[in-house]
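Undergrad:
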Amino acid sequence: KEALAAGENLPVAVTVGTHPLVTFATSTRVPEGKELAYAAELLGGEVAVRRCANGVRVPDAEIVLEGYIGAEVASEGPFVDITGTYDPVRQQPVIEFTRMYCKEDPIYHGILPAGDEHKLLMGAPYEPKIYRAVSEVTTVRNVLLTKGGAGYLHAVVQIRKNTNGDAKNAIMAAFAAHTSLKHVVVVDEDIDIYDPHDVEYAIATRVRGDADIMVISGVRGSSLDPMRLGDGTNVKVGVDATIVMGREDELKRAEWL
Numbered sequence: 044k045e046a047l048a049a050g051e052n053l054p055v056a057v058t059v060g061t062h063p064l065v066t067f068a069t070s071t072r073v074p075e076g077k078e079l080a081y082a083a084e085l086l087g088g089e090v091a092v093r094r095c096a097n098g099v100r101v102p103d104a105e106i107v108l109e110g111y112i113g114a115e116v117a118s119e120g121p122f123v124d125i126t127g128t129y130d131p132v133r134q135q136p137v138i139e140f141t142r143m144y145c146k147e148d149p150i151y152h153g154i155l156p157a158g159d160e161h162k163l164l165m166g167a168p169y170e171p172k173i174y175r176a177v178s179e180v181t182t183v184r185n186v187l188l189t190k191g192g193a194g195y196l197h198a199v200v201q202i203r204k205n206t207n208g209d210a211k212n213a214i215m216a217a218f219a220a221h222t223s224l225k226h227v228v229v230v231d232e233d234i235d236i237y238d239p240h241d242v243e244y245a246i247a248t249r250v251r252g253d254a255d256i257m258v259i260s261g262v263r264g265s266s267l268d269p270m271r272l273g274d275g276t277n278v279k280v281g282v283d284a285t286i287v288m289g290r291e292d293e294l295k296r297a298e299w300l
């Protein structure tokens with residue numbers, strides 16, 4: 044946007060076939076410009092970097108495409124995104140490539156849209172963000188963005204309750220930390236968040252619909268959610284699937300289960 048406002052083209056480079064840890068580092072939400080430094084730490088202290096003819100620095104890769112982004116836009120899509128559904132066609136900036144660098148017999152790792160790796164790279168930066176946010180309001184034990192929720196839209200948050208309001212505070216903190224989050228379930232420490240059957244058990248035995256389900260309408264949703272409205276808003280649902288304090292003896296599971 045700054046280049047466009049100044050009437051200039053923005054120099055860019057696209058790398059294909061980077062080290063998997065470089066790919067992971069660039070998918071995180073580290074401060075802008077710190078991605079390569081983070082990748083270097085993941086790789087044990089250094090990452091090979093080259094400067095393209097247009098001045099853009101790139102990590103070692105099998106293929107490098109050099110070019111620029113100008114004022115031109117074009118229709119992008121339709122293509123499959125993280126939910127496995129087709130994104131609407133959008134007007135996006137066009138990259139004009141001016142140079143290509145290529146190793147002999149290049150090989151690269153492709154990521155299947157809506158596959159497990161796609162979901163991992165999308166969700167990985169947000170689990171720690173949710174964890175930190177929830178830790179400000181209660182004792183958080185673990186956070187998972189579930190595979191069934193595309194690794195992005197559904198979260199399970201495990202807490203240790205200190206008061207009966209902790210779960211609802213955790214729900215609101217999770218939504219604030221990850222604004223694309225659609226549904227969140229908060230569970231106790233005895234629930235295995237990596238076992239969907241265990242999470243469903245908590246919902247089945249510890250939730251009272253009129254008291255433990257929070258529905259928030261007319262809020263910003265994810266652009267990747269096929270159920271979003273035309274104005275970008277959606278409905279978020281939070282579920283308190285924790286045991287009501289004072290009723291632990293009634294609701295705890297038998298020891299052999």
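In terms of the numbering used here, the sequence shown opens at residue 44 and continues consecutively.
Built from N, CA and C at the ideal position, the CB exists for glycine as well.
Keep in mind the model is a prediction, meaning the values are calculated, not measured.
Is DSSP giving P136 helix, strand or coil here?
TA: strand
Undergrad: Kindly indicate which three-state DSSP category V99 falls into: helix, strand or coil?
TA: coil
Undergrad: E78: buried (16+ other C-beta within 10 angstroms of its C-beta) or exposed?
TA: buried
Undergrad: Measure from the alpha carbon of V199 to the alpha carbon of each residue in N207, K225 and V180, then state which is nearest.
TA: K225
Undergrad: In chain order, what residues of the same chain lie with their CB nearer than 8 angstroms to the CB of Y81, ignoring the 5 residues before and after it?
TA: A68, T71 and V73
Undergrad: In this structure, how does DSSP classify K146 when only helix, strand and coil are distinguished?
TA: In this structure, K146 counts as coil in the three-state DSSP scheme.
Undergrad: From the DSSP secondary-structure annotation, give me the bridge partner or partners of A117.
TA: Q135
Undergrad: Can you tell me whether E243 is buried or exposed? The criterion is at least 16 other CB atoms within 10 Å of its CB, across all chains shown.
TA: exposed
Undergrad: Comparing C-alpha positions only, which one of C95, A193 and H221 sits nearest to H161?
TA: Among C95, A193 and H221, the Cα nearest to that of H161 belongs to A193.
Undergrad: Using the C-alpha atoms, what's the distance from I259 back to T5?
TA: Any answer about residue 5 is impossible in this case: the structure gives the chain only from 44 up to 300.
Undergrad: Tell me whether E276 is buried or exposed, calling it buried when 16 or more other Cβ atoms sit within 10 Å of its Cβ.
TA: In the sequence as displayed, the identity of residue 276 is Thr instead of Glu. By the 10 Å Cβ count, T276 comes out exposed.
Undergrad: Along the chain, where does the alpha helix (DSSP H) containing K172 start, and where does it finish?
TA: Its alpha helix (DSSP H) spans residues Y169 to S178.
Undergrad: For the beta strand (DSSP E) that contains G60, what are its first and last residues?
TA: L53 to T61
Undergrad: Mark K204 as exposed unless 16 or more other C-beta atoms lie within 10 angstroms of its C-beta, in which case mark it buried.
TA: buried
Undergrad: The alpha helix (DSSP H) that contains K17, what's its start and end?
TA: No answer is possible for residue 17: it lies beyond the span of the chain, which begins at 44 and ends at 300.
Undergrad: Between S118, A254, T66 and Y237, which has its C-alpha nearest P168's C-alpha?
TA: T66
Undergrad: Return the CA-CA distance between A297 and A213, expressed in angstroms with no decimal places.
TA: Distance between the alpha carbons of A297 and A213: 27 angstroms.
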